[in-house]
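Structure, as structure tokens:
Residue numbers (the working numbering): 51 to 400.
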């Protein structure tokens, strides 16, 4: 068996394993979100209802991330070899087109738009109705509308690309392989490729998104006092700023090596790892930890959340969890009254 095929099979097996583990983590988060929501309604925890306000957006984020992982699996080269699930030539072509539309045109933009909205919600005032069901519906609408232009552009590129491939000009055909081709035929299978134009569109979107996330993250970072929470915000913002540009660069460089060889498979696998890691960091920090902290708050007798922003774990929540009921009497009531939305706890400051 050639070394390239062994490497492709190895990368494929690792990809399937990582996607499966990520899906399991996502399903656990969905279960905990539903469980917390049921606990709020059944046991009448009105003081905790605000903590789980964006639960629909959180679940939608996880479902889209699982869908993205499914797309990463179906594009694998070793699934399109003879005797494998997508071995017919028609299937191979359609699967690669589906992958570009589904992952680059919808799933990836949706994931990070929802992460950005969840992060931004932490800055909203409680009286602004930031975490109602209406907020969840509005957020979902904004995500779909924001992704629609990207999806349409990717769709147009896939439709226009084959027309360039049919031209007899050798130079034009070669250029089209870089900019618009979604797959390349090899000896015994086809390899899904990343059209350079699709990567450029995704890169422009990520540049705008990183600017927004960095701005919101900087504001949020300045409000957080607890050291552990500051670390969470720092890790989230750093992962977005670092790994999304790296993914775009790797996808851009993937047009240089011959599709299907060892270098190409390694570049594509690294690009997959960049997005997987960034997505898992976002889900852990914006879904898993908030729900876990909120569940811990159920057993604490006195919870003072009036006037606090969304996901109070950024402020007093985690301090209460860590201290199990210790009440801080050194709060500045005047400052709290002026802001009307933030009630800081100095327990974690140091």
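Every residue, glycine too, gets a C-beta built ideally from N, C-alpha and C. Note that the structure is a prediction, hence the values are computed from the model and not measured.
Item: Collapsed DSSP secondary structure at residue 72 in the structure displayed; Value: helix
Item: Whole-number beta carbon distance between residue 256 and residue 243, since they are thought to touch under 8 Å; Value: The Cβ separation is near 19 Å, so there is no contact.
Item: Local conformation of residue 231 per DSSP, three classes; Value: coil
Item: Cβ neighbour criterion (16 or more within 10 Å) applied to residue 149; Value: buried
Item: Residue 242, enclosing beta strand (DSSP E) - first and last residue; Value: 240-242
Item: Exposure of residue 370, with buried meaning 16 or more beta-carbon neighbours within 10 Å; Value: A caution first: residue 370 carries a pLDDT of 39, below 50, which makes its placement in the model too unreliable to give a value.
Item: Three-state class that DSSP yields for residue 57 in the structure shown; Value: helix
Item: beta-carbon residue 69 near the ligand ADP non-hydrogen atom, thresh 7 Å; Value: This structure does not include the ligand ADP; it has no bound ligands of any sort.
Item: Through-space distance from residue 278 to residue 145, alpha-carbon basis; Value: 43 Å
Item: Candidates 119, 322, 158, of which the one nearest residue 74 by Cα; Value: 119
Item: C-alpha distance - residue 55 paired with residue 335, whole-angstrom precision; Value: 37 Å
Item: Through-space distance from residue 59 to residue 358, alpha-carbon basis; Value: With a pLDDT of 46 at residue 358, under the threshold of 50, the predicted position of this residue should be treated as unreliable, and no value is reported.
Item: Per-residue burial, residue 206 [other beta carbons within 10 Å of its own, 16 or more giving buried]; Value: exposed
Item: Pick from 72, 266, 317 that is closest to residue 112, judged by C-alpha positions; Value: 72
Item: Buried or exposed (CB count within 10 angstroms, at least 16 for buried), residue 252; Value: buried
Item: Among 152, 200, 84, nearest to residue 106 - alpha-carbon criterion; Value: 84
Item: DSSP three-state assignment for residue 125, whether helix, strand or coil; Value: coil
Item: Of the listed residues 162, 197, 143, 183, nearest to residue 209 (C-alpha basis); Value: 143
Item: Endpoints, the alpha helix (DSSP H) within which residue 295 is located; Value: 277-303
Item: Where residue 91 sits in the DSSP three-state scheme; Value: helix
Item: Host alpha helix (DSSP H) of residue 256 (start-end); Value: 246-273
Item: Reduced DSSP secondary structure (H/G/I, E/B, other) of residue 186; Value: helix
Item: Beta-carbon proximity check, residue 167 vs residue 189, cutoff 8 Å; Value: yes
Item: Residues near residue 379 by beta carbon distance below 6 Å, same chain, minus five either side; Value: Because residue 379 carries a pLDDT of 37, less than 50, the predicted location of this residue cannot be relied on, and the following value inherits that uncertainty. Result list for residue 379: empty, nothing under 6 Å.
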